[in-house]
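In mature numbering (1 follows the signal peptide of the UniProt record, and there is no 0), the protein residues as written are -17 to -1, 1 to 660. Every residue gets a Cβ at the ideal spot worked out from N, C-alpha and C, and that includes glycine. Here is the structure we will look at.
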Amino acid sequence: MIVSLLLLVVSSGLTHAAVDPCTLASASTWVSSKTAHACELNVPFNKTRSLSVVDSAIKALQYYSLENWFLHSPNPLIPHDVNVRALLEDVQKTTSTSGYATDWDFNTAVADAFDKEADGHTVFSALCTEAFSYNLPFSIATLAESPFDETAFPTFLTNYDFPNQGRAGLEAYFESIGVHVRPFDGTRILTIDGVDASTYLVQLATESSIFKGLVGAYETVNPRYMRLMSRYSADTAAGLYTQEVGRFGQRAFYPGADSVTVTLQTKTGGRQTVTIPWAATFIGSGNTTASFIAETCLPSADSDSAARKRRLERRADITASAMNARRKGVVAPDAQGPVRQAASAASVAPPANIVQPNLTSFGHFVTLDIYQLAEHPKVGVVYFEQFEPSDGTDANSYFNGISDTLFTGLNALKAAGVEKIIVDNSGNRGGFIFAGAIALWSLWPQDLYPGFPAVFRDSDLIRRESDAAAASGLGESEYSYFFYRDLNYVLLENNTQFMDPPVPQIVNGVKDAFSKQFFDDFGDNSSAVTSFTTPPFAGSDYVFVANSICASTCSIFSSYLFQKHGVRSAVFGGTPTATTSQFDGGVKGSEVTDFDSILSELEIAGLQDDPAAPQPFPVEISLTMNFRNAIPYIDKQDGILDYVFEQDTKKYQFTFDQFNKPQKIWEFVAEEFFGKD
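Below, the structure is given as structure tokens:
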């Protein structure tokens, strides 16, 4: 008996020891969030690697053009009061002393410092901390009975059937654990985790905390709120429309809790409280903690690490394409790449896809759709889903396609009797800067320049990079002066017109330095990018349809049309009681860069070993930062475009009938702004 008991104890101990958290988390398509997070927490803190990470993150700040601007915002409508350098130095101090409980805790602390900047472009994420997609079986839309209502209410939406969202097996998983949400579809949410639902959601959006699974917040609360919501958009890879799950119901980071409790107002008028757990699906590599660390968290041990490969690929791209094909102003999508790819593969077409417009198409190219409205045939629609392809289309083909489609489509609309144009920028994350410029010059080919002046941040290291670029004359570096023009749109002739010497500034009481203001070189005039020679429509003929999410290149595009040509806007959604909103409230920085590009630029200049230069991360990390500031044409007193609050012309609520049907939104706006005729 004693021997048997001893064997039982030993056997039990061996069984327990064999249960690796990452094996459990990766063994099934869907698991509980608790199981997934246990895998993340099983990666031990490594002091040496972590010190290297935070040191390079701090050294990379010299490229972050908004660092001192965001110490304090002069515009109360766009609040920023963050000292990201001090936050990172606090992380560095903790790392070197007491350390962190786990690798996840360290990575989240660094991510939190960058996350607080809330400029959309500036995001830190270690692959170890976003190796799972966390999902709920429901999303939220904030809806009203009428577009003119003062208040809208959070509404429960079962999200299993959202077109082109993938997530195979999610409903079966929840059904298997006894969670049945379809009966609650369309009901009003009264409370979330015991707090009034509207109050809870506004606070969640305001904080946009990494500790709640949210990363990469936008500049103001309305677009942050709308990112939580389900909303229509287009799947650019499949060419089909979709209903986004929204960041309330789908997060790339652990959501901070393993369940959500909601109180609902049932369809019979009663109340029902239900607790719904989070589910997670593994999108990393490895099926044990050791293999997860080796295959997901760490670069390869040999010289051909993933990061090194990316830099080599970028160098190859530099030799194969013009600078215009490399500059981007884009915000990362809500869902990780593998999740989006699975969604695209679903390809739900009408009639099952109720989001898809049923209109005559006057042009489609990757991320651009052009229609004529049925009920208002004198009104056309130009829907820019984003300014970057996600279907593998190469940059030059994309640029040519955007130009050709706009030219043929708008001319065809005019021939069909169209006199007014709705431009829908809802949810546009930005993309290639040059694509936005092509669109602007297509609409106003006689303008001097299709965009805003910009500046790079300058430092001793950056200035030496620009000097090296000037000396080589090869055009490999973004700091090559000959890629830019002065404010008269004349090509720069030397580096003294550009970055050396810099322009000193005092920003929020801190000494800083920037390049001289410049324009990108997009060719001698608009004829380089469009066949239009005169504007196809007047400024008063355009109206934006927006949900306040319009980031980066989209913001530059939309803001320019407002500031230069007075284009009006109809904004839908926002917080439940919002009476005003920006039509381009995402991020208005001029360009985004990533850490690999910073390292590549240093290698081009031969400065990769400089003491001031950041070094390659010893773990797999994505770090993007706002790289250039845009300078506005109006409200110049606050210095940068990020601080110009551009208010809607008219503000509306989403309704039950319209929120997932863009065609109905467009017809409504046509009636509101242009009337029946």
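Straight-line measurement puts the Cα of Val554 at about 5 Å from the Cα of Ala529. Judged by DSSP in its simplified three-state form, Ser605 adopts strand. The C-beta separation of Val438 from Phe497 comes to about 4 Å, placing the pair in contact by the 8 Å criterion. In the structure shown, the three-state DSSP call for Ser498 is coil. The three-state secondary structure of Lys633, taken from DSSP, is strand. Three or more beta-carbon pairs separated by less than 8 Å link the region 442 to 449 to the region 459 to 467, which places the two stretches in contact. Separation of the CB atoms of Lys547 and Tyr635 is rounded to 25 Å, and the pair is thereby denied contact status at 8 Å. Leaving aside the five residues that flank Ala399 on each side, the residues in its chain whose CB is nearer than 7 Å to its CB run, in chain order, Gln355. Unbroken beta strand (DSSP E) stretches of 3 residues or longer found wholly inside the region 494 to 554: 525 to 529, given in chain order. Looking only at Pro59, Gly196, Pro4, the smallest Cα-Cα distance to Thr271 is reached by Pro4.
The C-alpha of Leu71 is placed about 32 Å away from the C-alpha of Gly557. A straight-line Cα-Cα distance of about 30 Å links Leu470 and Ala101. The beta-carbon separation of Ile404 and Ala653, rounded to 10 Å, does not stay under the 8 Å limit for a contact. Of the candidates Leu60, Ala315, Ser108, Ala114, the residue whose Cα lies closest to the Cα of Thr18 is Ala114. In the DSSP assignment, Thr138 is bridged to Ala124, Arg171. Taking the Cβ atoms as the reference, Gly622 lies roughly 18 Å from Tyr543, outside the contact range of under 8 Å. In this structure, Val490 and Asn29 do not form a Cβ contact; the two beta carbons are roughly 36 Å apart against a cut-off of 8 Å.
In the displayed model, Glu158 falls within a helix according to three-state DSSP. Asp577 and Gln598 have their C-alpha atoms some 13 Å from each other. Under the DSSP assignment, Gln186 falls in the alpha helix (DSSP H) whose first and last residues are 180 to 190. Taken through DSSP and simplified to helix, strand or coil, Tyr472 comes out as coil. The beta-carbon separation of Glu358 and Glu650, rounded to 5 Å, stays under the 8 Å limit for a contact. The straight-line gap separating the alpha-carbon atoms of Ser573 and Gly522 is approximately 23 Å. Restricting attention to alpha helix (DSSP H) runs no shorter than 4 residues, the region 43 to 89 encloses them at 67 to 79, ordered along the chain.
Straight through space, the alpha carbons of Asn336 and Lys644 are spaced by roughly 10 Å. Leu351: member of the beta strand (DSSP E) spanning 351 to 355, first to last residue. Annotation for Val401: Gln355, Lys361, Val362, Gly363 place their beta carbon closer than 7 Å to its own, counting only its chain and skipping 5 residues before and after. The closest CA to that of Ile123, considering only Tyr208, Tyr83, Leu110, is found on Tyr208.
The count of Cβ pairs closer than 8 Å, one atom from the region 137 to 157 and one from the region 226 to 238, reaches three, so the stretches are in contact. In the three-state reduction of the DSSP assignment, Pro166 falls in the helix class, which pools H, G and I. In the DSSP assignment, Phe417 falls within the unbroken alpha helix (DSSP H) covering 416 to 426.
For the pair Phe97 and Thr105, the CB atoms are nearer than the 7 Å cut-off.
Distance from the CA atom of Gln186 to the CA atom of Ile539, rounded to whole angstroms, is 28 Å.
By the C-beta density criterion, Gly384 is buried, having at least 16 other C-beta atoms within 10 angstroms. Here Val245 is buried: its Cβ has 16 or more other Cβ atoms, across all protein chains shown, within 10 Å. With distances taken between CA atoms, Tyr47 lies nearest to Phe107 out of Ala21, Phe107, Phe417, Ile416.
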